[in-house]
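S.K.: Numbering (this note's numbering), first residue to last: 22 to 1281.
Every residue gets a Cβ at the ideal spot worked out from N, C-alpha and C, and that includes glycine.
And the structure:
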C-alpha cells in the first residue's frame, strides 16, 4: 500500500481539497479502495464534500464503483441527503437505478431518509419507484414507514401503487394504520387505496384501526360511505362490531349498527356481539337492548355452548339477565360443561340472579351427570394407588349433582336457604347434601340441612358416612359436632365386629350386569335380607363369601343398612366403615390429622381396629411418617406389635420406609426387634443403613448413658446430619461467646459447601460433639490447640466457599479433579487435628456421614417419583387427547431422566454423594422402557424429528426439577424487559430462574429451534471466567424459563458500595467481553443489569443473545421491535438491527462504564426523537464527564469516549480494550483484581500444613 493512496483516502474523507490535489499530483491512484472497497469518491459522497468530488471526477474517477456492499457513490449520497452531490453525480451520468447487494436503489434510500429534493431529481430521471429490495420495501413503503408525507404525495403524483404488500404481509394502508399516520391514510385513500383491501395478514383496515384504538382513523375510513364493508373480519372471525364492544367503544358500536353491521356474526370461537355485551362487568343494559333491537339472537351459543344468558349470569349482571329472560332466553339451556344459568348463579354466588331464575321457573332439582371410570373417580377423591382396590376396567359409575349439592360445595348458606325455600330436595342424589356439607366442613350449612330432615347416617355410593367424610377432609369442627351428638351405635355380628359394608372390588361379569362382592358381617345381612341364594349357600361363603348381587339389589341393600344405622334418629357410629373398610380413626391416622385422632379416641374410637388389609391406625401412621399421630395412638394404648395380613408390624414397616424418628419411638414403646413377617423378614432386613445403625445400637443405649465407653462409629445420612445440626443450636448459649461464634460460623458454612458434602459434615459433627462436651462439662481450662484447630476449620471452609464456583467446575479437566482431591486431603487433616486437640478428653469422635438413598431421593425427588410412576404413565400414554401433548410429555421425561443421571454423576465426582447402584439401574431401566415404547409407536405413527432419545442438547432442562414460587415476592431478584428473575433451586442447589413472561410457546420444537443457536453458544462458554454459568432452559412448557448461576448483585451496585474494586472489575468485564467476541458471540444488550457479581466477587456477564431470541419468540411482536435497551444501544443497532457487529457491543460497553462511574442511566429522560435526530447522528451529543473525576481515571474516560464513536470502525475491539486497560492500569488490576478477595482467604488457610501455602484459588 503506497503512502499517496492512503493519504488520498484520508484527504477525501476529511474534505481536504488541497490535500486531494497534492496526492493526485503525487501519483495517487484515484481508484484505490480500502478494506471495504470504498474509493475516495465513496468517502467524499458520504461526507458531502462537493469540491473533492469535482476534483476526483476531473481526474478520471469511476462514477459508479460499488463498494463491498454494492453501494455506489450516488446511492451513498442519496442515503445521506447530499442533494448537491447527487446532482453533480447525475450530471456525470451516474446510474440512478443501480441497486446494492440488498436491492436498495437511490430513490428508495432517499425516500427513507426524507430527502424530497433528491427524490424529485431521481423521479425526473425516470427511475422505477415501484421496485422492491430484498425485504420487499418500495420507495413508497419506506416513505410511509418514516412518515414522510411530502414524499408520499410526490410518489403518488408519479403514479405509485397504493395497494401493495409489505414483506410482513401488511398493505400500505394497514401499515399506515398500524402506525397511526392519519395524514398518510388520507393521502392513500385520496389516491385510491381500497378501504376493503385485506392484506396477507388478514387485517381489514377498519378492524385494525379499532384494534389499535385509533378512533379518528376509524371515522376517516367509515366516511368512505357505502363502499365500506363494516362486517369484514380477520382470519379469526373478529369483526369491527366485536372489537368495538370488547374495547368498550360504545359510540362506535352505535355507529356500526347504524351502518347495518350484523349483530349475529361470530368469531372462530362462536362469540357474538350480544355475548360480549353480556360479559361486561358494568351493567351496560342499553347496549344489550340495542343489539336485541337490531336482531341479535338471544339464545345463540358459542363454541363452548355458552349463551348470552349464561354469560350474563356468570358476570353477575342481574338487569341484563332479566332483560334476556324477558326476551325469551331459554332458562334451562346448559353449556358443554353441563352448566345451566341456575348452576352458574350458584357457583358464582349471585343470590339475586338465582332468585330471578327461580322466579322464571328454573329446574331446581335438575340432575347433572359426569361419567367417570371407577379408577379416575377414586383417584380424584382419595387414593393415589388403587391396584389393590379397584379394577381399572370396571363398571363406570356416574357422579350426579343437583343445584343444591353445588351450593353446598360452594359453602354459600344464603343460596342453600333460597334453594331449600323453593323446595329443593336434600337427598335427591346418592351423595346427599348433608354428606357434602360434612365433607366440605361447612358447619352452618350442615345445621341448615339437618333442619330439613336430612338422613343423619346417610351413606354415599362408597359407604362413606358424615363422620368419615369430615375426617378425610380434616373438618375438625364437623367431626367434633358429630361425635358430641349422641351415644355411638354398636351393631356387632357374632364375631364382635361392627357393621362393614361390601368392599368395592368392581369386577364385571361377562354380561356386565352383575358385581362380584365379598360380604362380611353376615349377621346383619342374613337377618335383614332375602338373598338370591339360600341360607345354606350363604353359610358356605362365610370364610370367603363371593355373592353375585345386581346393582339394583346392591342399592336396596345399602339403603336398608342406612335405615338400620339410623334407627335411633341421632346417634353417630364412631367406628362405622365404608366400602374400603376404613373407619374415621383409620383415615385420620393415615392422613396425620392428629387433632381429629385425639377427638375420635376421646369419644371411644377403637385404637386397634384394622382395615381390610389388617392395618391398624398405628401401622398407617407409621407408614406415612406422622410422628405426632404415632405418639397420640401409643398414649391411647395402640398395640405396637399387631401385624397386618402380611405379618408386617409397625417396626418393620417404619424401618422399610426409613422414618428414623418414628423408629426410635416404636423401639422405646417395646417393639419386638426380632419379629418377622410372613416372608421371614425382620426390621433389620428391610431397613437402610441409618435404620440398621439405630436398631443395632438401641440395646446399647443404656451402656452409653451409664459410662464413658465409646460406641461403634455412628453413621448419619446427609439429611439426618443437617437436621441434627439445625436442631442442635439450643445448647450453644451455654458456652463462651467466642466459641459460640466459631461454632455457628462453621455450621452455617457447612450447609453451603457443595463439594465433599460427606466429609465436610463429618468434620462438623465432630465439632458438634466437642461443643456439646463443653456445654455439659464447662470450660475447665484453656485449650489453645482446639482453638487453633477450630479456626483452621473456619478459614478453610471460607476458602472453599470463596474460591469455588460450583457450576464452572469441568469434570473432564484433570486440574479441576486434582483440586477436588486437594480439598479431600485438607478435610482429612482437619479431622486429625480435631482428634489430636481432644485426645485428653473422654470424648468419642467416631462419627461418619454417608450419603443414603434417602439423600438421593431428596435431591432427585421429582425424578425419583417419575421413575416410580413411569409404568402408569406409559400405560396411559395413548389416552392423551393430542399427539403433540403426548410427545412433549414423553420428551420431558426423557430430558428429566438424562439430566437427573448427569447431575447424579456430577455429584459423584464432586464427592457429594456415594455411588448408588440401585439408582443407576433404576434410571437405565426407565430409559429402556421409554425406548421400547418409542419403538412401538414408530410401527404405527410418525414421530417428529424434534423428538430425541439421546437428549444430546445438554442445555435443555426438565421443568420438573426447577423449583421456584412466582407468587412469593420475597424470591423476586429483578424484573426486566425479557421477564422476571426469581431465586430458585435446581436439584436442590440455589440458582436464578428467569421466566419469560411475554412468551407463550405451545410447540416446544419451535422454541428449541428458535433459541438453540444463542443458548448453545452461551452454554459452550459459560464455564469460562467472567461469563455467567448457564445451567439450561426449560422448553417443554408454554412459558419458558432459563436457569443460571445465582449471583449476589450487579456491577453497578457492587462498585457503588465498593469503589476500590472499580478497575479490577472493569478489566474482568472487558475480558469477559473479549471471550464472547473471540467465540463470535454478540451480546446485543450490554448494560449494568446484565453484568453480575458472583458470590466469589467476580464478574459474570449474563443474558447475551437473549434480546434477539426473545424478540423473535414474543407472542405479540410489535413491528419494528429491536433487541436491546435504547439507553445503551448503538446507532447501527437501532437503525439497522440486522447489521450489528461486535463493535455494537463496544458502544454498549462504553455506556455501561459511564453508568458505573456515575451510578446513573446514560441519556436518562431522552426521547426517542432525540436519539434519532441527535444522539445517533452527532458525535458531540454524549453523556457528560463526571465532576471531580480522579485524574488517575482519565485514561478510563478516554477509553469510554473511544467506545461511543458514531463510526463503528473507529471504536476499539474487545482485545484492544483489554490491552488498553493493562497498559494503563497494569499494577492496579494485577494487585487489586478479584484475586484480592481470594488472597484474603490465603492467610486463613496458609498455616494448614497440607495446604502448603497454595493460593486458595488452587484449592478449587
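Report the CB separation of residue 1224 from residue 1149 in whole angstroms; it is logged as a contact under 8 Å.
M.R.: So it is not a contact: roughly 11 Å between Cβ atoms.
S.K.: Considering only C-alpha positions, which residue in the set 182, 1017, 75 and 1171 is nearest to residue 1217?
M.R.: 1171
S.K.: Could you check whether the segment 801-821 touches the segment 1052-1065, counting it as contact only if at least three pairs of C-beta atoms, one from each stretch, sit closer than 8 Å?
M.R.: Proximity of the segment 801-821 to the segment 1052-1065 falls short of the contact definition, fewer than three beta-carbon pairs being nearer than 8 Å.
S.K.: Checking 8 Å against the spacing of the C-beta atoms, do residue 1104 and residue 1125 come in under that value?
M.R.: In contact: residue 1104 and residue 1125 (Cβ atoms closer than 8 Å).
S.K.: Going by C-alpha distance, which of 783, 710, 712 and 714 is nearest residue 743?
M.R.: 783
S.K.: If you draw a straight line from the alpha carbon of residue 177 to that of residue 47, how long is it in whole angstroms?
M.R.: 51 Å
S.K.: Please look up how many angstroms separate the CB atoms of residue 298 and residue 312, rounded, as I've assumed it's under 8 Å.
M.R.: 6 Å
S.K.: Answer yes if the segment 158-170 comes into contact with the segment 132-149, meaning at least three C-beta pairs across the two stretches below 8 Å, and no otherwise.
M.R.: Yes: the two stretches touch, three or more of their Cβ pairs being nearer than 8 Å.
S.K.: Can you tell me whether residue 1232 is buried or exposed? The criterion is at least 16 other CB atoms within 10 Å of its CB, across all chains shown.
M.R.: buried
S.K.: Is DSSP giving residue 591 helix, strand or coil here?
M.R.: Unreliable placement is indicated for residue 591, whose pLDDT of 46 sits below 50; the coordinate value is still reported in the next sentence. DSSP places residue 591 in coil when its eight states are reduced to three.
S.K.: Using a threshold of 8 Å, state whether the C-beta atoms of residue 115 and residue 84 are closer than that.
M.R.: yes
S.K.: Helix, strand or coil for residue 1047 per DSSP?
M.R.: Three-state result, residue 1047: coil.
S.K.: Does the Cβ of residue 269 have 16 or more other Cβ atoms within 10 Å, making it buried, or fewer, making it exposed?
M.R.: exposed
S.K.: Which of the three DSSP states is assigned to residue 198 in this structure?
M.R.: Of the three classes helix, strand and coil, the one that applies to residue 198 here is helix, per DSSP.
S.K.: My understanding is that residue 87 touches residue 62, with C-beta atoms under 8 Å, so please give their C-beta distance in whole angstroms.
M.R.: Incorrect: roughly 11 Å between the Cβ atoms, too far for contact.
S.K.: Quick check on this structure: which residue in 670, 841 and 746 has the alpha carbon closest to the alpha carbon of residue 793?
M.R.: 746
S.K.: Grab me the residues of residue 1015's own chain with a C-beta within less than 6 Å of its C-beta, minus the 5 sequence neighbours each way, in chain order.
M.R.: The answer, listed in chain order, is 1000, 1002 and 1063.
S.K.: Leaving out five residues before and five after residue 49 in sequence, what residues of the same chain have Cβ atoms less than 8 Å from its Cβ?
M.R.: 23, 25, 26, 28 and 29
S.K.: For residue 72, which residues in the same chain have their Cβ closer than 7 Å to its Cβ, ignoring the five residues on either side in sequence?
M.R.: 38
S.K.: So, residue 364 versus residue 345, is the Cβ gap smaller than 8 Å?
M.R.: no
S.K.: Report the CB separation of residue 249 from residue 216 in whole angstroms; it is logged as a contact under 8 Å.
M.R.: 5 Å
S.K.: Check residue 737 in the structure and name its three-state DSSP category.
M.R.: strand
S.K.: Check the DSSP bridge columns for residue 239 and list the partner residues they point to.
M.R.: Answer is none; residue 239 lacks a bridge partner.
S.K.: Checking the sheet assignment: what are the DSSP bridge partners for residue 1120?
M.R.: 1114
S.K.: Assuming residue 997 and residue 1110 form a contact by the criterion Cβ under 8 Å, report the distance between their Cβ atoms to the nearest whole angstrom.
M.R.: 6 Å
S.K.: Which residue or residues does DSSP assign as beta-bridge partners of residue 249?
M.R.: When DSSP reads this structure, residue 249 sits in no beta bridge, so it has no partner.
S.K.: Alpha carbon to alpha carbon, what distance is there between residue 1211 and residue 33?
M.R.: 39 Å
S.K.: Going by the CB atoms, is the gap between residue 871 and residue 779 shorter than 8 Å?
M.R.: Yes, Cβ-Cβ distance for residue 779 and residue 871 is below 8 Å.
S.K.: Closest to residue 193 by C-alpha separation, out of 1094, 378 and 221, would be which residue?
M.R.: 221
S.K.: Let me know the secondary structure DSSP gives residue 430 once reduced to three states.
M.R.: Note: residue 430 maps to helix in three-state DSSP.
S.K.: Name the two residues that bound the continuous beta strand (DSSP E) containing residue 870.
M.R.: 868-870
S.K.: By Cβ distance below 6 Å, which residues in the same chain neighbour residue 35 in space, the five residues on each side in sequence not counted?
M.R.: none
S.K.: Quick one: what does DSSP say residue 832 is sitting in, helix, strand or coil?
M.R.: coil
S.K.: For residue 990, count neighbouring Cβ atoms within 10 angstroms of its own Cβ and tell me buried if that reaches 16, exposed if not.
M.R.: Exposed is the call here.
S.K.: Answer yes or no: the CB of residue 710 versus the heavy atoms of the ligand HEM, is any distance below 7 Å?
M.R.: Ligands in the displayed structure: none, and consequently the ligand HEM is not present.
S.K.: State yes or no: is the C-beta of residue 658 within less than 8 Å of the C-beta of residue 698?
M.R.: no
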